[in-house]
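Let me begin by presenting the structure, written as structure tokens, before commenting on it.
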Amino acid sequence: MAEAAQPTGESQGAELTIQIQQPVERALRTPVRRGAQSVLRVSQLLLRAIAGHQRLTLAALKKELGNAGYEVRRKISSHQAGDSTRSEKYTLLRVSGSDAAGYFRVWKISKPRRKAPRSRLTLGSHSHGKTVLKSPRPLRPRSRRKAAKKAREVWRRKARALKARSRRARSLARSMVRSRASSRASSRARSRARSRARSRARSRARSRASSRARSSARSSARSSARSSVRSSVRSSARSSARSSIRSRARSRARTRARSRAKDLVRSKAREQARTRAREQAHARARTHDCVRAKAQEYVRAKEQQYVSAKEQEYVRTKEQECAKAREQMRIGAMEEARIKAIDNRVQTTMEDTSPWSTDEMRSRTKPREEKRQEPERPVKQTNQKPAVVKVDNAPSRQGKTCTKSSTKSGHPGCSGTS
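Residue numbers for the sequence shown follow the UniProt record's numbering, so the first one is 1 and each next one is one higher.
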């Protein structure tokens, strides 16, 4: 059995795991002469295909085997037709993958054999359809049959010997592979054991060295502590008085310096607090003054806006009144002019009491069209002088105006603002 695997594939599956097997039928029956050679050839082709392609697919494998003269087809169930004819000549190939999974048949494409030429007599006899009478004597002699039997026996012995040799070779190969694997495993186990022993020895040596160093350090520390204690006891008795006096003096000086520093810090803090309070009071007063000034300015601006709005309204009302007065004056002047014209006509009619002359009659009898075409007589209009208005800007005299009326019209003049 030969195995070959490719890690990745594209078209037929993500992975292809190929395994070559011989069918069970071939093992049960008589062995074929070229069975081992065909399996070896197929395994060699598989190895070449795997080495030649980075990602081996089922299509590429079929192409490689087809170029070498082999045909690959999926195995059909045993009950279908055509299985008995090809069961002895194919090599079983098992492919496992995501999409291409199953058993495939691989067999050598056999070339068509040339038929032996027939004699003319046989052709003629077959063509005419005549049956040839067989002689009661057999065609082959017995000596030839014995030789054939012996040859078959020899061939069977050789086949058995070849089969035994192949089995021995396979067993030797398996034993060699197993021995190699066992030797590799034993070598790996030995190397691991050696590395573990070395690491344990190193760790033990390190632990021993560290323990020795610790023990020496402890012993030296104990001895130094004992000697230091003894020397300190001796020196402490001597220097205790001196150190006590010096420490008392230093403590007194330190307390005095600390008290002075604290007093200075407190005084500085008080002065800073006072200055900050003064600055804050000044800032508050300034802000209050600014707020008051802004409020006063805002109130003044509002008052000015209110006064200006009132003045504008007053001016608008006065202008409207003046316009109305002017219109009334114009209307009165027009009425006076009409009244005067009517009075003048009445006077002329009263004065002309004499009978009508022929010219007047003719003029009166003129057609209406000529009368319409005659130009109208101009009417005298009186020119009126505009009223002069004076307005005092003082707040106490708001609403009071000085008016002057024209002497010709006699009507009161209009009031306005300058």
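Beta carbons: idealized from backbone N, C-alpha and C, even for Gly.
For residue 70, the residue or residues it bridges with in DSSP: 108
For residue 75, the nearest candidate out of 94, 103 and 56 (CA to CA): 103
Secondary structure of residue 76, DSSP reduced to three states: coil
Whole-Å CB distance - residue 64 paired with residue 49, under 8 Å assumed: 4 Å
Reduced DSSP category for residue 54 - H, G, I as helix; E, B as strand; rest coil: coil
Where residue 302 sits in the DSSP three-state scheme: helix
8 Å contact criterion, which residue 73 and residue 105 should meet: CB distance rounded: 5 Å
Proximity test, residue 49 beta-carbon vs the ligand SAH heavy atom, cut-off 6 Å: In terms of ligand content, the structure shown is empty, and the ligand SAH therefore cannot be addressed.
Inter-residue Cα distance where the pair is residue 334 and residue 312: 33 Å
C-alpha gap between residue 177 and residue 214, whole angstroms: 54 Å
Per-residue burial, residue 154 [other beta carbons within 10 Å of its own, 16 or more giving buried]: exposed
Buried/exposed call for residue 90, threshold 16 Cβ in 10 Å: buried
Residue burial classification, residue 350 (beta-carbon count within 10 angstroms, cutoff 16): exposed
Rounded Cβ spacing between residue 166 and residue 108 (contact assumed at less than 8 Å): Between residue 108 and residue 166 the Cβ distance is about 19 Å, and since that is not below 8 Å, they are no contact.
Under the three-state DSSP convention, the category residue 89 falls into: coil
Short CB-CB distance (under 7 Å) between residue 258 and chain C: Given the protein chain composition of this structure (a single chain), no chain C is represented.
Pair within 7 Å by beta-carbon distance, residue 45 and residue 68: yes
Residues of its chain near residue 149, where Cβ-Cβ distance is below 6 Å and the 5 sequence neighbours each way are ignored: none
Under 7 Å between C-beta atoms of residue 60 and residue 53: yes
Spatial distance of residue 342 from residue 309 (CA atoms): 50 Å
Same chain only: Cβ atoms within 7 Å of residue 164, ignoring 5 sequence neighbours per side: none
Close-in-space but distant-in-sequence residues of the same chain around residue 307 (CB under 7 Å, 5 per side omitted): none
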